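Sequential numbering of the sequence shown, starting at 144, is according to my numbering.
By construction, the Cβ of each residue, glycine as well, lies at the ideal position given by its N, Cα and C atoms.
These numbers were taken from a predicted model, which means no experiment stands behind them.
The block underneath contains the structure these notes are about, expressed in structure tokens.
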Amino acid sequence: AASAARGGAAARDDRAAAKHQQLVSLAAALAPALRAISAELAVGDAFGARRAPVVADLCGGSGHVALFLAAIYDDARFVVVDNKPGSLALAEDRIRAAGLGDRVAVALADVASYAEPFDVGVALHACGEATDMALAAVRACSARAFAVVPCCVGKLAQARVHDKFPRSRAAAQAGVSRQEFLMLARAADVHTVAGIEKGGGTRPQRRRRLAKTAVEVDRMCAMTESASYCTHMMLLEPLDSSAKNDVCVGWLGDACPYCAEPGVQEFLAPWADGPGARLERDAR
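Right under this line is the structure:
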């Protein structure tokens, strides 16, 4: 029994360490956008009024993402958006305990129809179509930037809101049918070893990982086509912090910091030769 308890504690510690790594990587992915937005807002409006950037933690649950980011970006305001009252009650307790009530708020709302303005939308491992709901909220308010880490894409076959597949005209024009896309999404539910992005794993595992990349590329193409976002794909670091390690980011407007800011191209390096191009070669 004691051995089992130690094993359970070790597993919890491992999960906590992995979650911390995911949050650190997400914060790094947000840095270029938040720096650019903060610089714009520092100028003030026509009356000289200034405000802090607003970051919406979409499908934010009990607020662990918003609280972590608020501790790092102390010049920004955050709102945890979720449709579960119990989760938001826990988030409020955590916000009070952290003494961040002046910068972190909660909003009980369906994410897809959340109508309050925000500058940046984030969603860490929003399950299945929840990522699409988060992106719908980003589009609806013309948020300046977003960073999402999707998961459980196989559940898209049960999607209620976003039932148009593929999402992008690019995929449709390439001849991908709805049935083929949903087959791709089911194959894309990756539960494999880390390092597959660098040629690890078996050929079937690499093909499944390539399917995941294709699903996310379709999402990003749709954001570009429908709302003119400049989009990029990154990876969580370290790669073994999660099997669902795609980070999809976007910027609305000119001077995309992910294209222009020094050092960011190195962060984008895993996909520098085109999203999944190396995976595609290795999966053959």
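Using a Cβ-Cβ distance cut-off of 9 Å, determine whether residue i contacts chain B.
i    : result
A172 : Absent here is chain B; the protein component of the structure consists of one chain.
For residue i, which of helix, strand or coil comes out of DSSP?
i    : result
A286 : coil
A182 : helix
G229 : helix
A317 : coil
E323 : helix
G393 : strand
Y257 : coil
F211 : helix
K162 : helix
P293 : strand
A252 : coil
Q408 : Low confidence applies here, because Q408 scores a pLDDT of 47, under 50, leaving its location unreliable; read the following figure in that light. Three-state result, Q408: helix.
A199 : strand
R431 : Any property of residue 431 remains undetermined from this structure, which presents the chain solely from 144 to 427.
T345 : coil
V304 : Any reading at V304 must be qualified, since the residue scores a pLDDT of 49, below 50, and its modelled position is unreliable; the value itself is stated next. Of the three classes helix, strand and coil, the one that applies to V304 here is coil, per DSSP.
C399 : coil
L378 : strand
Kindly indicate which residue of the options has the alpha-carbon position closest to the one of residue i.
i    : options                : result
D397 : V263, R329, C373, P347 : C373
L212 : S230, G297, L177       : L177
L379 : H268, A317, A354       : H268
V292 : C402, E183, G203, L184 : G203
A328 : Q316, C294, T345       : C294
V222 : G242, R237, A250, D236 : A250
A354 : K387, E368, M366, S371 : K387
V390 : A159, Q165, R158       : Q165
A313 : H375, M366, A232, S168 : M366
Y216 : L169, R349, G229, E272 : L169
Y257 : D200, A288, C270       : D200
A357 : K162, F308, P400, A185 : F308
A375 : R352, R351, G229, A403 : Reading off the sequence, residue 375 comes out as His, not Ala. Answer by Cα proximity: A403.
Is the beta carbon of residue j closer than 9 Å to that of residue i?
i    : j    : result
R220 : R246 : yes
R321 : D275 : no
E359 : V296 : yes
G206 : F289 : no
A241 : L278 : no
K298 : C270 : yes
A283 : D262 : no
A252 : V208 : no
A174 : M377 : no
D218 : A234 : no
A280 : G264 : yes
A330 : R350 : yes
Label residue i either buried or exposed according to how many other C-beta atoms from any shown protein chain fall within 10 Å of its C-beta, with 16 as the threshold for buried.
i    : result
R362 : buried
M326 : exposed
V304 : Residue confidence for V304 is low, a pLDDT of 49 falling below 50, so the modelled location carries little weight; the figure read from the coordinates is stated next. Exposed, since its Cβ has fewer than 16 Cβ neighbours within 10 Å.
R239 : exposed
V197 : buried
R158 : exposed
A214 : exposed
D236 : exposed
A179 : buried
D332 : buried
V254 : buried
E259 : exposed
Mind checking who residue i pairs with in its DSSP beta bridge?
i    : result
H268 : Looking at the DSSP assignment, H268 forms no beta bridge with any residue, so it has no partner.
R220 : V197
C373 : W394
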